[in-house]
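First up is the structure itself, then whatever we jot down about it.
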Ligand code: ADP
Ligand code: MG
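Numbering (this note's numbering), first residue to last: 4 to 279.
Below is the structure:
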């Protein structure tokens with residue numbers, strides 16, 4: 004790009020910010036109370052519409068559950084938000100100012116969208132505390148240099164997050180010794196320590212005991228407010244226990260939205276999803 008073109012780009016009001024600033028310094032403008040705007044979104048794979056004209060708004064600080072049958076497009080939606088998959092059409096904005104389609108997957112993570120995949124990926128040979136230390140080091144915003152010593156403030160912050168995740172007593176245990184559920188919480192804690200504004204969590208309770216599910220619901224609820232949280236989940240009991248707003252996805256589009264009671268009472272939802 005030559006100097007004149009650069010200047011032209013920079014003087015376009017809505018792009019100035021994104022063009023001149025590092026991804027990790029971008030701040031979403033949520034003055035309208037919305038953290039994520041998804042509009043008219045479509046993507047096809049070999050002619051099959053995985054996402055079909057989807058519209059979705061996530062409010063700042065809310066905990067939203069997205070449910071839907073297998074193949075509804077839930078994971079594809081997360082792939083688009085995080086920059087892993089590019090849509091054919093539509094827009095994805097983080098706040099009203101940041102056009103996520105202009106950014107790469109690592110940049111989107113830096114901008115403040117954390118994603119937890121289904122399978123936990125913790126550093127088994129390191130202690131629970133060290134796992135959070137390593138996660139924190141990976142984020143420029145939180146801790147500028149990998150080899151700097153942890154300050155008292157950072158240690159305190161890690162401890163607070165471990166407390167919140169119910170792992171404080173296991174702080175010095177190697178992660179390898181944790182149960183499946185505890186590893187899931189550790190991975191959520193590793194995301195939280197990077198201070199994402201939006202947290203995307205794909206099927207967090209698969210393989211968990213009922214008791215672990217309850218603790219997971221509690222943890223995700225406690226994260227909402229300070230963070231916005233989007234949970235994709237199959238398990239109806241779990242979604243009900245979270246007791247927040249639910250979006251039902253079907254064939255790549257939004258079928259219904261409301262409380263769990265409202266969507267379960269919807270005849271269209273019953274027909275396509277609950278098989279009633
Ligand atoms: P869900 O997570 O709701 O089960 P997915 O988003 O994984 O659904 O998949 C939606 C549809 O898109 C499925 O039919 C799936 O086979 C298809 N799909 C997803 N990703 C790809 C891809 N990279 N290539 C081809 N088809 C895909
Ligand atoms: Mg999926």
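All C-beta atoms, glycine included, are put in the ideal place defined by N, C-alpha and C.
- Measuring C-alpha to C-alpha distances from residue 36 to each of 240, 173, 129 and 65 identifies 65 as the nearest.
- A residue is called buried when at least 16 other Cβ atoms come within 10 angstroms of its Cβ; residue 242 meets this threshold and is buried.
- Judged by DSSP secondary structure, residue 39 falls within the beta strand (DSSP E) whose first and last residues are 37 to 48.
- Burial check for residue 202: the Cβ neighbour count within 10 Å reaches 16 or more, so the residue is buried.
- Separation of the CB atoms of residue 61 and residue 231 is rounded to 6 Å, and the pair is thereby assigned contact status at 8 Å.
- According to the DSSP assignment, residue 58 belongs to the beta strand (DSSP E) that extends over 51 to 62.
- The Cβ-Cβ distance between residue 195 and residue 226 falls below 8 Å.
- Secondary structure of residue 253 (DSSP, three-state): strand.
- With a cut-off of 7 Å, the C-beta of residue 49 is classified as near ligand 1, since at least one heavy atom of the ligand falls inside that distance.
- The region 127 to 135 makes contact with the region 153 to 168: 3 or more CB pairs, one atom from each, lie closer than 8 Å.
- When rounded, the separation of the alpha-carbon atoms in residue 126 and residue 224 is 26 Å.
- DSSP places residue 240 inside the alpha helix (DSSP H), whose first and last residues are 239 to 245.
- With a cut-off of 7 Å, the C-beta of residue 122 is classified as distant from ligand 2, since no heavy atom of the ligand falls inside that distance.
- Assignment of alpha helix (DSSP H) within the region 160 to 233, counting only whole runs of 4 or more residues, yields 183 to 195 and 213 to 226 in chain order.
- If you draw a straight line from the Cα of residue 68 to the Cα of residue 251, it is about 9 Å long.
- Counting along the chain, the unbroken beta strand (DSSP E) around residue 95 starts and ends at 92 to 97.
- Remark: the C-beta of residue 259 is outside contact range of ligand 1, defined as less than 7 Å to any heavy atom.
- Less than 8 Å separates the beta-carbon of residue 98 from that of residue 32.
- Between the alpha carbons of residue 210 and residue 45 lies a gap of roughly 32 Å.
- Of the candidates 212, 198 and 175, the residue whose Cα lies closest to the Cα of residue 187 is 212.
- Out of 245, 264, 273 and 257, the CA that lies nearest to the CA of residue 55 is found in 257.
- Secondary structure note for residue 135: its alpha helix (DSSP H) is the uninterrupted segment 131 to 140.
- For residue 122, no pairing in a beta bridge is given by DSSP.
- With a threshold of 7 Å, the Cβ atom of residue 56 does not count as near ligand 1, since no heavy atom of the ligand is closer than that.
- Per the coordinates, the alpha-carbon of residue 181 lies some 20 Å from the alpha-carbon of residue 139.
- It is roughly 30 Å from the alpha-carbon of residue 42 to the alpha-carbon of residue 219.
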